[in-house]
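Report on the structure given below.
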DNA sequence: CACCCACATGTAAGCGCTTACATTACCAAG
DNA sequence: CTTGGTAATGTAAGCGCTTACATGTGGGTG
């Protein structure tokens with residue numbers, strides 16, 4: 261076999277463990293041992309090998325190692341997209357933790373794909389485990405992956421049979437936030453956002469309903485709009501045109517809240533006087549607008565880290581947990597709710 | 261060799277091309293051909309194979325393919341971090357284009373690493389080529405990678421010998437923006453941000469200087485602060501304390517501009533009356549604050565896509581371009597500069 | 001001084017794919 | 001009925017690593 265490896269070490273991508281071994285006058289096993297640093301190698305030999313590596317500019321071929329050790333040493337992460345701070349922060353948390361665990365991260369963004377199923381299948385091919393954001397439209401494929409025995413964890417999604425879930429708390433914080441609005445005397449509070457766009461939004465609406473029930477009030481039906489800036493603007497315009505009557509808007513996320521608030525203000529409405537507006541996520545903009553946006557901060561970074569963690573443990577053979585892990589969130593009161601807070 | 265592959269197909273991760281072949285009653289070559297879809301296979305055989313794949317839940321082992329075809333079919337991307345829309349957008353552009361080119365993307369965030377050099381070396385092990393953001397502190401290693409013959413492109417950095425560069429235009433737009441400020445009659449304009457934090461910032465300052473020279477004015481020394489929110493706040497406070505006198509602030513990016521503007525306004529200063537503030541990047545917040553922030557929009561998404569593109573072509577054997585490719589930027593005039601624009 | 005044991009290193013068998021080349025089956029032409 | 005060509009499939013040689021096992025080398029012991 262060795263014959264093939266005696267090709268010129270100068271060739272593009274040419275240095276292999278064979279050329280390094282030859283150059284250092286040792287066997288490939290020794291080179292591998294030096295590079296992995298797991299078995300002891302005598303210091304002189306070590307130095308010879310390191311010198312040869314340096315000299316030849318040797319870069320190991322990860323695929324060969326993966327094949328031999330039967331691990332990719334990589335985690336996959338499937339996210340819808342990265343606009344807005346939420347997913348970006350999640351990714352940062354995931355990447356940081358994965359780095360600590362010596363795992364590479366392979367990223368797939370679903371919004372840029374035409375054939376999502378193929379993309380996920382392809383991803384499964386090169387990672388040991390996959391974290392999928394809950395609202396990504398791929399449940400069927402996740403199941404297929406499962407069958408094919410790759411550990412999967414769902415972030416902010418519903419735990420399924422054999423699929424772990426990690427998420428941030430939604431229901432109680434939403435109940436608290438909605439209660440806060442009601443305690444400001446608001447009686448025509450509307451929930452803006454589609455509860456069906458994911459289990460997290462679903463729970464936020466559930467919290468909104470619960471807060472009403474707590475006070476013996478009736479909760480209105482949600483205004484089902486997508487969680488995007490443009491949709492917020494459109495909704496606000498419909499509201500200005502008289503389509504909705506409300507003295508408070510509990511928006512499913514900050515993006516929605518901010519665009520609605522801006523549109524309302526531009527039309528001369530007083531926020532929070534005429535109508536209070538609150539959001540969810542605590543994006544950077546939330547503290548720059550006037551009035552400051554009351555919202556809920558999620559431990560997004562930690563959520564990403566947790567996902568990476570769980571993936572790693574599943575890969576290490578730990579059994580999946582049947583219950584979802586939930587991280588606590590935090591109500592951030594500024595003044596768009598009607599409070600006279602500092603900001 | 262085949263002996264080893266006859267292990268139970270039920271085993272975790274167990275299905276291999278061997279078990280599929282056996283199950284379908286064909287050779288592994290045929291399975292491979294069906295899966296790659298490159299050579300013709302008779303329809304009945306094809307169906308048998310596909311059925312076996314489905315039945316066994318076969319997921320190919322990417323590493324084995326990579327080893328055989330001698331390509332990782334993956335691009336690496338090295339970014340500082342992802343807070344703020346800039347890097348996130350860049351990443352989205354990169355990922356989208358990479359997806360079109362059927363390349364996976366492996367992400368490395370430098371801010372989360374303690375040993376960057378190791379991280380990059382490790383990355384080189386599993387991708388065909390690497391795009392590095394210019395300000396990432398790794399020039400020495402990039403060079404080493406080069407020696408090891410992995411194509412590298414630098415994003416928003418200086419082109420080096422054998423390393424391609426792609427970036428957005430900075431100098432001319434900065435000259436235009438600074439000129440705009442001066443044409444508003446501002447005569448004590450300060451550049452806030454450290455020109456040494458990267459070639460792009462360097463060029464923005466150069467444009468600022470050029471605009472002054474164009475009008476026969478003297479440009480002030482830059483106020484060297486890092487491009488982060490906290491630094492902006494700190495600077496604004498020093499300014500309020502009288503450490504600086506200025507009627508216009510040209511900030512190196514929006515994050516800086518926004519935090520400065522907010523701090524100044526909270527202290528009762530009129531923007532742009534007392535002092536005009538402009539930024540760079542056109543982040544989402546820029547259009548929500550009042551006055552709307554005048555800034556410069558970069559084609560960040562396209563920049564990411566371009567990097568992915570170039571990487572792919574370099575991998576395909578195209579020779580590196582010696583000149584950097586530069587994408588045009590666009591001045592976005594709102595009202596923080598002194599204009600009475602709509603927003 | 002023979003013997004046993006660490007210790008350092010080498011040998012070689014895979015890991016699961018792709019693909020060049022060989023083989024087979026079948027049919028048309030001579 | 002041979003011959004040659006083509007289409008479909010099989011055979012087997014790698015791809016570059018890791019690692020179990022084998023081998024060699026020097027001391028301590030008894």
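Residue numbers (our numbering), protein chains in the order written: chain A, 261 to 603; chain B, 261 to 603. Glycine included, every Cβ here is placed at the ideal spot set by N, Cα and C.
| Asked | Found |
| --- | --- |
| Below 7 Å on C-beta distance, what does residue 504 of chain B contact in chain A? | Correct list: empty, because the minimum Cβ distance to chain A is about 22 Å. |
| Rounded to whole angstroms, what's the CA-CA distance from residue 310 of chain B to residue 299 of chain B? Just pull it up for me. | 15 Å |
| Roughly how many angstroms lie between the CA atoms of residue 333 of chain A and residue 384 of chain A, to the nearest whole one? | 12 Å |
| Which residues bound the alpha helix (DSSP H) around residue 469 of chain B? | 459 to 474 |
| Sort B/428, B/359, B/599 and B/581 by Cα distance to residue 445 of chain B and report the nearest one. | B/599 |
| Hey, is the region 484 to 498 of chain B in contact with the region 433 to 445 of chain B, meaning 3+ C-beta pairs nearer than 8 Å? | no |
| State the start and end residues of the unbroken alpha helix (DSSP H) segment that holds residue 589 of chain A. | Residue 589 of chain A -> no alpha helix (DSSP H), and no H or E assigned at all. |
| What does residue 332 of chain A reach in chain B if we use C-beta pairs closer than 8 Å? | 322 and 323 |
| Please report whether the beta-carbon of residue 299 of chain B lies at a distance below 8 Å from any beta-carbon of chain A. | no |
| List the residues of chain B whose Cβ lies closer than 9 Å to the Cβ of residue 326 of chain A, in chain order. | 321, 322, 323, 324, 326, 327 and 386 |
| Any beta carbon of chain A sitting closer than 8 Å to that of residue 594 of chain B? | no |
| Kindly list the residues whose CB is nearer than 8 Å to the CB of residue 506 of chain A, restricted to its own chain and excluding five residues on each side of it in sequence; keep chain order. | 448, 449, 450, 499 and 535 |
| Under a three-way DSSP split, which group does residue 321 of chain B fall into? | coil |
| Does the separation of the CB atoms of residue 510 of chain B and residue 452 of chain B fall below 8 Å? | yes |
| Compare the beta carbon distance of residue 551 of chain B and residue 531 of chain B with 8 Å and say whether it is the shorter of the two. | yes |
| From residue 393 of chain B to residue 360 of chain A, what does the alpha carbon distance come to, in whole angstroms? | 22 Å |
| Flag residue 488 of chain A as yes if its beta-carbon sits less than 8 Å from any beta-carbon of chain B, otherwise no. | no |
| Just how far apart, CA to CA, sit residue 414 of chain B and residue 573 of chain B? | 15 Å |
| Using CA coordinates, which residue listed in A/381, A/318, A/325 and A/555 is at the minimum distance from residue 596 of chain A? | A/555 |
| Along the chain, where does the alpha helix (DSSP H) that runs through residue 305 of chain A open and close? | 303 to 316 |
| Below 7 Å on C-beta distance, what does residue 545 of chain A contact in chain B? | 544, 545 and 548 |
| If distances are taken between C-alpha atoms only, which option among A/296, A/538 and A/409 comes closest to residue 438 of chain A? | A/538 |
| Is residue 549 of chain A helix, strand or coil when you go by DSSP? | coil |
| First and last residue of the beta strand (DSSP E) that includes residue 424 of chain B? | 424 to 428 |
| Taking the beta carbon of residue 477 of chain A as the centre, do at least 16 other beta carbons fall within 10 Å, making it buried, or is it exposed? | exposed |
| From residue 302 of chain B to residue 362 of chain A, what does the alpha carbon distance come to, in whole angstroms? | 44 Å |
| With the cut-off set at 8 Å, would you say residue 370 of chain A and residue 340 of chain A are in Cβ contact? | yes |
| Looking at residue 428 of chain B and residue 417 of chain B, is the spacing between their C-beta atoms short of 8 Å? | no |
| Check the Cβ-Cβ distances between residue 459 of chain B and every residue of chain A, and say whether any is below 8 Å. | no |
| Note down, in chain order, every chain B residue with its Cβ under 8 Å from the Cβ of residue 373 of chain A. | 359 |
| Counting only C-beta atoms, is residue 263 of chain A closer than 8 Å to chain B at any point? | Confidence at residue 263 of chain A is low in this model, with a pLDDT of 36, below 50, so its placement is unreliable and the value that follows should be read with caution. No - not a single Cβ of chain B is within 8 Å of the one on residue 263 of chain A. |
| Going by alpha carbons, who is nearest to residue 423 of chain B out of B/306, B/578 and B/320? | B/578 |
| Residue 369 of chain A versus chain B: which residues are under 8 Å apart at the beta carbon? | 352, 355, 356 and 359 |
| For the region 495 to 580 of chain B, list the beta strand (DSSP E) runs that are entirely contained and at least 3 residues long, ordered along the chain. | 508 to 511, 536 to 538 and 555 to 557 |
| In terms of DSSP beta bridges, what is residue 451 of chain A paired with? | A/510 |
| Leaving out five residues on either side along the sequence, give the residues of the same chain with a beta carbon under 8 Å from the beta carbon of residue 386 of chain A. | 332, 334, 336 and 366 |
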